[in-house]
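Since the structure comes first, as structure tokens, the remarks are kept for the end.
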Amino acid sequence: MLIALSFLALLAGGSTVHFPGGRIDLPKGCTGPDRIRIAVDAFAGQIGCSNNALSIQVFGSTIAGPACEVAQAAGDAVSIRSRSGSPLVVCTYEEKGEVSRGSKLMIVDLGVGWLTADIKRPQDVVVLLQVATGFSPSKE
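In our numbering, the protein residues as written are 120 to 259.
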């Protein structure tokens, strides 16, 4: 019975992940913890999207700067807005000298934290951006 209810909740969507500084209303097919808590000066968690097996990391820190700052300065980042109107910055990262894994790390800077995912297929980009645009900052 519990498994059936969990499956119905997944199909309905509407799951929300809360973390220091904001929350993300997840699209259908994605799940994550109800709450990601800060430990010392950082928080980290994971969102999984079953429709394409994408794993999205959620990270934030009181000591880390903007994730896409270098890419943005070089004109290699894109600014978009979440459904709540919050500014988001999207960039990709490839470590120098890294052996090609057939994927790139895509980062979405939420301002209060980052979402990151290894992008292997064009569909991965769409899912990551659907998750990112569900972000709303905390009203503090």
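Just so you know, even glycine gets a beta-carbon here, dropped at the ideal spot from N, CA and C.
*Note down, one range per segment and in chain order, each alpha helix (DSSP H) of at least 4 residues found wholly within the stretch 158–201.*
Those alpha helix (DSSP H) runs which fall completely within the stretch 158–201 and span 4+ residues are 188–192.
_One or two residues paired with R154 in a DSSP bridge_ = Looking at the DSSP assignment, R154 forms a beta bridge with H137.
*Bridge-paired residues (DSSP) for T211*: DSSP lists M225 as partners of T211.
*Skipping 5 residues on each side, what residues in its chain have a beta carbon closer than 7 Å to that of V244?*
So the qualifying residues of the chain are M225 and I238.
*Kindly indicate which residue of S180, A196, L229 and A183 has the alpha-carbon position closest to the one of S203.*
The shortest Cα separation from S203 among S180, A196, L229 and A183 belongs to L229.
*Cα separation between K223 and K258?*
Cα to Cα, K223 sits roughly 33 Å from K258.
*Close-in-space but distant-in-sequence residues of the same chain around S180 (CB under 7 Å, 5 per side omitted)*: Excluding sequence neighbours, S180 sits near D160 and A161.
_Rounded to whole angstroms, what is the Cα-Cα separation between F126 and K147?_
Below a pLDDT of 50, predicted positions are generally treated as unreliable, and F126, at 38, falls in that range; the measurement from the model is reported next regardless. F126 and K147: Cα-Cα distance of roughly 11 Å.
*May I have the straight-line CA-CA distance separating T235 from I175, to the nearest angstrom?*
Inter-residue distance for T235 and I175 is about 6 Å (C-alpha atoms, whole angstroms).
*Buried or exposed for G151, please, with buried defined as at least 16 other CB atoms from any protein chain shown within 10 angstroms of its CB.*
Classification of G151: buried, given that the 10 Å Cβ count is 16 or more.
*State buried or exposed for A193, treating a residue as buried only when at least 16 other CB atoms are found within 10 Å of its CB.*
Around the Cβ of A193, a 10 Å sphere holds fewer than 16 other Cβ atoms; the residue is exposed.
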